[in-house]
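Chemist:
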Amino acid sequence: MSHDPLSSTPPPLPTGAARDPGDAWVEGPNGQRYWGRFGAAGLLAWHPEAGILLQHRAVWSHHGGTWGLPGGARKQGESAVDAAVREAGEEAGVPADAVEPLFESLFDLGFWSYTTVAVRVVRFFAPIVADAESVALRWVAISDVDALPLHPGFAASWPALRAQLPER
41 MSHDPLSSTP
51 PPLPTGAARD
61 PGDAWVEGPN
71 GQRYWGRFGA
81 AGLLAWHPEA
91 GILLQHRAVW
101 SHHGGTWGLP
111 GGARKQGESA
121 VDAAVREAGE
131 EAGVPADAVE
141 PLFESLFDLG
151 FWSYTTVAVR
161 VVRFFAPIVA
171 DAESVALRWV
181 AISDVDALPL
191 HPGFAASWPA
201 LRAQLPER
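Sequence positions in the sequence shown follow our numbering and run 41 to 208.
Right, here's the structure in full:
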């Protein structure tokens with residue numbers, strides 16, 4: 041069953057499928073909501089020639105219509121690296137054996153956290169829109185990232201993340 045990523049409603053769960061316990065909202069003391077009961081993680085896939093892999097988020101998703109990193113909620117007991125690689129595989133077809141770690145960047149609110157896992161792409165791949173969470177996936181030159189409408193969390197962290205990426 042396919043779902044239109046431009047729809048304003050999320051896709052239904054497949055028949056008989058149960059949602060993972062980590063797939064839930066966490067509410068902060070100020071009422072703001074964050075996705076991922078056990079935190080969340082995203083994959084910043086960097087290729088020296090192609091740039092970084094960005095996901096155009098489905099309209100129905102949190103901050104839909106913006107560009108950000110493939111990623112999502114962590115499962116209970118799952119490391120941030122494992123979660124980021126798993127989510128990027130599910131959402132963008134990122135092969136786990138095509139990337140190697142560069143660094144991690146943690147945004148920790150105490151009650152919720154998001155980890156950006158930066159990786160070097162050691163074997164180029166064409167990303168695949170593999171689920172309804174993406175409108176599109178694209179390799180974007182580092183110099184062009186700021187021209188896109190970015191997910192607010194990614195926009196806030198991008199300058200520091202960019203500064204940590206290798207020159208080549």
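Note that CB positions come from ideal geometry on N, CA and C, so glycine has one too.
In this text the structure is predicted, and so the values were computed from the model without any measurement.
Among 159, 166, 152, 103, which has the Cα closest to the Cα of residue 195?
Modeler: 103
Chemist: Check whether the stretch 185-193 touches the stretch 161-177, taking contact to mean three or more Cβ pairs, one atom from each stretch, closer than 8 angstroms.
Modeler: Because the criterion of three Cβ pairs below 8 angstroms is not met, the stretch 185-193 and the stretch 161-177 do not touch.
Chemist: Looking at residue 131: is its Cβ nearer than 7 angstroms to the Cβ of residue 186?
Modeler: no
Chemist: Are the beta-carbon atoms belonging to residue 111 and residue 98 less than 7 angstroms from one another?
Modeler: no
Chemist: Which ranges would you report for the beta strand (DSSP E) in the stretch 98-123 if only whole runs of at least 3 residues count?
Modeler: If we require 3 residues or more, the beta strand (DSSP E) runs fully inside the stretch 98-123 come out as 111-113.
Chemist: Here's the rule: buried if 16 or more other CB atoms are within 10 angstroms of the residue's CB, otherwise exposed. What is residue 83?
Modeler: buried
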